[in-house]
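One structure is given below, encoded as structure tokens.
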Amino acid sequence: MIELKGIAWDHPRGYEPLIAASKAFKKVNPMINIQWDVRSLKEFGDMPIEDLIGKYDFITIDHPYMGQADKNGLLLKLETCVSSEALELLKSDALGKCYDIYHYNSCFYATPIDAAALVASYRKDLLKNTGLSLPKNRDELKGFYKKLPSEFSIAWALCPTDIWCTFLSLCAQNYGKDFIQNQHINSQVGVEVLDDIKFHVAHSHPESLNWNPIQILDSMGNEDKIIYSPYLFGYTNYSRKSYTKNIVHFTNSPVGQQQNVSTIMGGVGLAVSALCKQPSLAANFVMYAASANIQKGVFTLNGGQPASKTAWENAENNELCNNFFKDTKLTIENAYIRPQHPGWNQFQEHGADIIHEGILKNISSEIIMKDLNELYKSVGNEDI
1 MIELKGIAWD
11 HPRGYEPLIA
21 ASKAFKKVNP
31 MINIQWDVRS
41 LKEFGDMPIE
51 DLIGKYDFIT
61 IDHPYMGQAD
71 KNGLLLKLET
81 CVSSEALELL
91 KSDALGKCYD
101 IYHYNSCFYA
111 TPIDAAALVA
121 SYRKDLLKNT
131 GLSLPKNRDE
141 LKGFYKKLPS
151 EFSIAWALCP
161 TDIWCTFLSL
171 CAQNYGKDFI
181 QNQHINSQVG
191 VEVLDDIKFH
201 VAHSHPESLN
211 WNPIQILDSM
221 GNEDKIIYSP
231 YLFGYTNYSR
241 KSYTKNIVHF
251 TNSPVGQQQN
261 VSTIMGGVGL
271 AVSALCKQPS
281 LAANFVMYAA
291 SANIQKGVFT
301 LNGGQPASKT
311 AWENAENNEL
321 CNNFFKDTKL
331 TIENAYIRPQ
341 HPGWNQFQEH
351 GADIIHEGIL
361 KNISSEIIMK
371 DLNELYKSVG
381 NEDI
């Protein structure tokens, strides 16, 4: 028996589909047993891969780590174990840029298994009773607060990790995907967005600066206070019957000035450690887990949020998830891709704290942007 070990992230969407895919893989490869550990969502975004590659064969990974992984030789280059034909087939079935984001410096480091971007969530049943329509753009969003009955509120996911994703999303919506150039965030764009976020904080649920998407969706699914959240990472789990007391529906977030830019790309790639002693077998599994048939079936049926276009367009999956895939597909296809150069993750982690603290303490947006760009200059100076 060959024992392989992986690390997922600690949410049913993160580990249950991988456990199910591993069991299916074992049926056709009976001598291979795969075990999974979990880490928190924050650790998924922040924990260095260097801390994981000696212990795990499989690592679920956030795509901005590609530059760091490439620079330090942390992950298996999958093209060394997988045929170009198989990779091309995988790419052709990936939704939007879900394949491309794991390709760095002419190397392919992870298969796309989970697709996500900031989307909007809402309680369809409660909204129907108000007679209101969901805001389609940021101007309509500002007016939506005034129309909402007092018993309901709008929540934003603005804990440090998520305020960072929202900030980048709104910058891209205002200016386009090139608002970051040469280790510098366009200060004027940043100030405008920070001022916007301050406005929304003043009009949204008082816990918004503390909450992540899961906390908001748990509240939306089990209580009747939050009717809408305009920018959070979607979770198909909450759109499925009986996951929470009430079904939460999802749709595209309000758009900004740049109509062809939606929100920031998230999602998960499945990588193989460069220290894995069974690289070919491990590569077979990561390709298997990302294949159209597994993504469409086993992966989605076990709480997963696939990255396969076939899975997203599947009628049964949309019925299972109350059209989650159909109603948010455009967001994934037009998502903003974060920089991936070495040092970005260090900047991202500390930059999120600068923005969060600045909003919390009502520091001027100009000072926040000054501090943010000074931080950016001080990290990741190589290979940009």
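Going by UniProt numbering, the residue at position 23 of the sequence shown is 23; the numbering climbs one at a time, nothing skipped.
For every residue, glycine included, the Cβ atom is placed at its ideal position computed from N, Cα and C.
Residues near residue i by beta carbon distance below 8 Å, same chain, minus five either side
| i | result |
| --- | --- |
| residue 65 | 49, 340 and 345 |
| residue 226 | 123, 152, 153, 154, 155, 205, 216, 219 and 220 |
| residue 367 | 358 |
| residue 26 | 32, 33 and 34 |
| residue 52 | 7, 59 and 273 |
| residue 334 | 96, 260, 261 and 262 |
For residue j and residue i, the rounded distance between their alpha carbons
| i | j | result |
| --- | --- | --- |
| residue 166 | residue 99 | 23 Å |
| residue 290 | residue 308 | 7 Å |
| residue 253 | residue 277 | 43 Å |
| residue 208 | residue 363 | 18 Å |
| residue 103 | residue 173 | 24 Å |
| residue 285 | residue 6 | 11 Å |
| residue 221 | residue 124 | 11 Å |
| residue 158 | residue 78 | 36 Å |
| residue 287 | residue 356 | 38 Å |
| residue 178 | residue 186 | 9 Å |
| residue 119 | residue 141 | 14 Å |
| residue 91 | residue 33 | 27 Å |
| residue 250 | residue 237 | 11 Å |
| residue 57 | residue 282 | 7 Å |
| residue 80 | residue 279 | 9 Å |
| residue 40 | residue 18 | 16 Å |
| residue 145 | residue 263 | 21 Å |
| residue 326 | residue 128 | 20 Å |
| residue 243 | residue 188 | 43 Å |
| residue 224 | residue 310 | 34 Å |
| residue 373 | residue 352 | 12 Å |
| residue 318 | residue 82 | 31 Å |
| residue 465 | residue 294 | Outside the displayed span of the chain (1 to 384) sits residue 465, for which this structure offers no information. |
| residue 370 | residue 55 | 40 Å |
| residue 190 | residue 266 | 21 Å |
| residue 230 | residue 213 | 11 Å |
| residue 132 | residue 138 | 16 Å |
Helix, strand or coil at residue i according to DSSP, with G and I counted as helix
| i | result |
| --- | --- |
| residue 163 | helix |
| residue 171 | helix |
| residue 295 | helix |
| residue 384 | Note that residue 384 scores a pLDDT of 38, beneath 50, so its modelled location is shaky; the value from the coordinates is reported in the next line. The answer is coil: DSSP assigns residue 384 none of H, G, I, E or B. |
| residue 374 | helix |
| residue 103 | strand |
| residue 137 | strand |
| residue 231 | strand |
| residue 22 | helix |
| residue 214 | helix |
| residue 345 | helix |
| residue 75 | strand |
| residue 180 | strand |
| residue 14 | helix |
| residue 308 | strand |
| residue 363 | coil |
| residue 193 | helix |
| residue 258 | coil |
| residue 274 | coil |
| residue 205 | coil |
Neighbourhood of residue i by C-beta, 6 Å cutoff - its chain only, sequence neighbours within 5 removed
| i | result |
| --- | --- |
| residue 348 | none |
| residue 382 | With a pLDDT of 47 at residue 382, under the threshold of 50, the modelled position of this residue cannot be trusted; read the value that follows with caution. Around residue 382: 342. |
| residue 163 | 355 and 356 |
| residue 61 | 110, 269 and 271 |
| residue 44 | 9 |
| residue 376 | 183 and 347 |
| residue 20 | 298 and 302 |
| residue 22 | 34 |
According to DSSP, residues forming a beta bridge with residue i
| i | result |
| --- | --- |
| residue 90 | According to DSSP, which records beta bridges pairwise, residue 90 is partnered with nothing at all. |
| residue 269 | 61 and 112 |
| residue 356 | Its beta-bridge partners do not exist; DSSP assigns none. |
| residue 37 | 7 |
| residue 251 | 120 |
| residue 336 | 264 |
| residue 2 | 32 |
| residue 154 | 228 |
| residue 185 | 180 |
Cβ neighbours of residue i in the same chain (closer than 7 Å, five flanking residues each side left out)
| i | result |
| --- | --- |
| residue 29 | none |
| residue 176 | 258 and 261 |
| residue 320 | 240 |
| residue 73 | 274 |
| residue 384 | Any answer about residue 384 is weak, because its pLDDT of 38 lies below 50 and its placement is not dependable; what the coordinates show is given next. Hits under 7 Å: 183 and 341. |
| residue 210 | 159 |
| residue 248 | 121, 123, 217, 220, 221, 238 and 239 |
| residue 365 | 191, 194 and 195 |
9 Å Cβ cutoff, residue i in contact with chain E
| i | result |
| --- | --- |
| residue 118 | Looking at the structure shown, chain E is missing, and only one protein chain is on hand. |
CB-CB length for residue i against residue j, believed under 8 Å
| i | j | result |
| --- | --- | --- |
| residue 256 | residue 116 | 20 Å between Cβ atoms; not a contact. |
| residue 112 | residue 94 | 5 Å |
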